[in-house]
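Engineer: Respectively, the protein sequence lines represent chains A and B.
Heads up: the first sequence at position 44 corresponds to 46 in this note's numbering, and the numbers run straight through without jumps.
Heads up: the second sequence at position 43 corresponds to 80 in this note's numbering, and the numbers run straight through without jumps.
We put the CB at the ideal spot given by N, CA and C, even for glycine.
Here it is: the structure, laid out below.
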Amino acid sequence: MTATDPEFVADCIRRILAGEKHVFHELIRPCERSIYFLLFSILKSETEAEDVAQETVIKVYQNLDKFRGDSQFRTWVLSIARNEGLGRLRKITNRREDSLDAETDEQTGDYTPAILTSWREIPAEALEQKELGNLLRKAIEGLPEIYRNVVLLRDIEELDIRESAAVLKISEASVKVRLHRARALLQRELAPLLKAFTPAKRRWFGGRT
Amino acid sequence: MRIDCKHVWEHISAYIENDVDPQLRADIDRHLETCEICSAVLDSTRNVVILMADDRVFEVPAGFSERLHARIDRELKEPTDPKP
C-alpha cells in the first residue's frame with residue numbers, strides 16, 4: 003500500500019475522523035512537496051509559498067470530512083492549494099483572477115526551438131552542480147504564469163495530464179497545448195546554456211549519431 | 038507522408054509523452070532518421086524534461102517540512118476556527 007493509494011488515504015481519513023488526529027501527519031506528508039512548489043509557482047516567493055502551504059494543510063485538515071474520494075486525494079489537496087495561492091496573490095497584487103486568466107489564451111508567441119546541430123546527454127554529475135539547478139529554476143520562473151503552473155505539475159511533480167487538468171480546472175487539451183509551449187520556450191532558452199554542461203567527446207547512451 | 042521540421046516541432050511534446058498516433062509517430066521517426074536538427078531539438082527538449090523531474094534541481098527550503106508539521110501539531114492540539 004503506497005502513500006497515494008486510495009485505500010491508504012481512505013484508511014487515514016477514517017482514523018483521523020475517529021480521533022487519531024496524529025495520522026494527519028502521515029496523510030499529508032506525500033503531498034507537501036507538491037503543495038509547496040505549486041504555491042511557489044503561483045507566488046514566486048519562498049516565504050509566501052511556505053506561509054500559504056501551512057494555511058493550505060490546515061484547511062485540508064479542517065475540511066477532511068468533505069473529501070469524497072471521487073477524485074485523487076492529491077488532486078483535491080492541490081486544488082485547495084491553488085485556491086489559497088490565488089487568493090493570496092490577489093491580496094498581494096490586487097489583481098483579479100480573470101486578469102490572470104486573460105493571459106491564458108495568447109495565441110501568438112514564437113515557439114521555434116533553439117537549433118543545435120548536435121546534442122549530448124547532460125551527465126548525472128552535472129546535476130550536483132548548483133549552477134545547473136539555478137539555470138533551470140531561473141528559466142522556469144521566467145515562464146508566463148500559465149505555462150509555469152503546467153510545467154510544475156506535469157514535469158516537476160509528475161502528475162499525469164488528467165490530474166494536472168483537474169488541479170488547474172482547465173481541459174486536458176489545454177494542458178497539452180500549454181505544456182508543449184512551455185517546453186518549447188524552455189528548450190529554446192536552456193538548450194544553448196546546457197550545452198556547456200555536456201562532455202566534449204563522449205556520446206551519451208542511446209544517443210543518435 | 039513526408040513532413041517538414043516545423044511539423045515535427047509542433048508535435049515534439051506529444052511525441053515525448055507518447056501521445057501521437059502510430060502513423061504520425063512513424064512519419065516523425067522517418068524524418069528524425071535524416072534530420073540532425075530535429076533530432077537535436079528532440080533530444081534537448083527531452084533532456085530539459087528529464088532534468089526538471091530530478092529532485093535535486095528543485096528542493097523545498099531547509100526546515101520547511103519541520104515547520105509545517107509543527108504548525109499541524111499546534112492545530113491538532115488547539116484547533117483554530119475554520120476560515121471561510
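Does any residue of chain A have a CB that is nearer than 8 Å to the CB of B/E115?
Structural biologist: B/E115 does not count as touching chain A.
Engineer: Which residue wins for smallest C-alpha separation from A/S36, given the options A/G87, A/F199 and A/K140?
Structural biologist: Closest by alpha carbon: A/G87.
Engineer: For A/L29, which residues of its own chain have a beta-carbon under 6 Å away from its beta-carbon, when the five flanking residues on both sides are left out?
Structural biologist: Correct list, in chain order: C14.
Engineer: Return the chain-ordered list of same chain residues with a C-beta closer than 7 Å to the C-beta of A/P115, the five sequence neighbours on each side being excluded.
Structural biologist: Cβ within range, chain order: A186, Q189 and R190.
Engineer: Check the Cβ-Cβ distances between B/T82 and every residue of chain A, and say whether any is below 8 Å.
Structural biologist: It does: the Cβ of B/T82 has a partner Cβ on chain A nearer than 8 Å.
Engineer: What do you get for B/S76, buried or exposed, if any count of 16 or more other CB atoms within 10 angstroms of its CB means buried?
Structural biologist: Its Cβ being crowded by 16 or more others within 10 Å, B/S76 is buried.
Engineer: For a test of the three-state rule: what should DSSP assign to B/T117, helix, strand or coil?
Structural biologist: Correct three-state label for B/T117: coil.
Engineer: In or out: A/N151 buried (at least 16 other Cβ within 10 Å) or exposed?
Structural biologist: Looking at its Cβ environment, which holds 16 or more other Cβ atoms inside 10 Å, A/N151 is buried.
Engineer: Where A/L66 and B/M38 are concerned, what is the direct C-alpha to C-alpha distance, given to the nearest angstrom?
Structural biologist: If you take the alpha carbons of A/L66 and B/M38, they lie about 54 Å apart.
Engineer: Could you give the distance in angstroms between the alpha-carbon of A/L145 and the alpha-carbon of A/V179?
Structural biologist: Looking at the two C-alpha atoms, the distance is approximately 15 Å.
Engineer: So, B/I53 versus B/V86, is the Cβ gap smaller than 8 Å?
Structural biologist: Yes, these two residues count as a Cβ contact at 8 Å.
Engineer: Where do the N-terminal and C-terminal ends of the alpha helix (DSSP H) with B/C75 fall, by residue?
Structural biologist: E73 to M89 is the extent of the alpha helix (DSSP H) around B/C75.
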